[in-house]
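Undergrad:
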Amino acid sequence: MAIDLAVDCYQLTRRFPKEEIYGLTAQIRRAATSIAANIAEGHGREVTGSFIQFLRIAQGSLKELETHMLISHRIGLRE
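At position 5 of the sequence shown (counting the first as 1) the number is 5 in the working numbering, and the numbers step up by one without a gap.
1. Quick check for students: name the residue ranges of the alpha helix (DSSP H) that lie wholly in the region 22 to 73, counting only runs of 4 or more.
2. Ser34: which of Asp4, Glu20 and Leu77 sits nearest, CA to CA?
3. Would the region 13 to 23 count as touching the region 45 to 62 if we require 3 or more Cβ pairs under 8 Å?
4. What three-state label does DSSP hand Leu12 in the structure shown?
5. Below 8 Å on the Cβ atoms is my guess for Asp61 versus Ala31; work out the distance and round it to an integer in Å.
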């Protein structure tokens, strides 16, 4: 599911203007891939506490992604 979210974000940001490549495009893509990567890295840890910590990091990236999406909507980059 997290990987699907990252793929969807990449597809969405392809339609963003070129001047956003180092702005919201990059931030959305980075936050989306960070979610999936942190879940995977945490799952690979053998200690439950480490897994929980990586889930918290993924949760933070999800909130960051949500903020970037709200901004992109408000400035007219997406519907």
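Just so it is clear, CB atoms sit at the ideal spot from N, CA and C, and this is done for glycine as well. These numbers come from a predicted model, not from an experiment.
TA: Considering the structure as presented:
1. DSSP assignment within the region 22 to 73 yields the following whole alpha helix (DSSP H) runs of 4 residues or more, N-terminal first: 24 to 44.
2. Translated into positions along the sequence shown, residue 34 becomes position 34. Ranked by Cα distance from Ser34, the first of Asp4, Glu20 and Leu77 is Asp4.
3. As far as the Cβ criterion goes, the region 13 to 23 does not touch the region 45 to 62, which means the pair count is below three.
4. Indexing the sequence shown from 1 puts residue 12 at position 12. DSSP, reduced to helix, strand and coil, places Leu12 within a helical segment of the structure shown.
5. As a working mapping, residue 61 is identified with position 61 in the sequence shown. As a working mapping, residue 31 is identified with position 31 in the sequence shown. It is Ser, not Asp, that sits at residue 61 in the sequence shown. Contact between Ser61 and Ala31 is confirmed by a C-beta separation of about 5 Å, below the 8 Å threshold.
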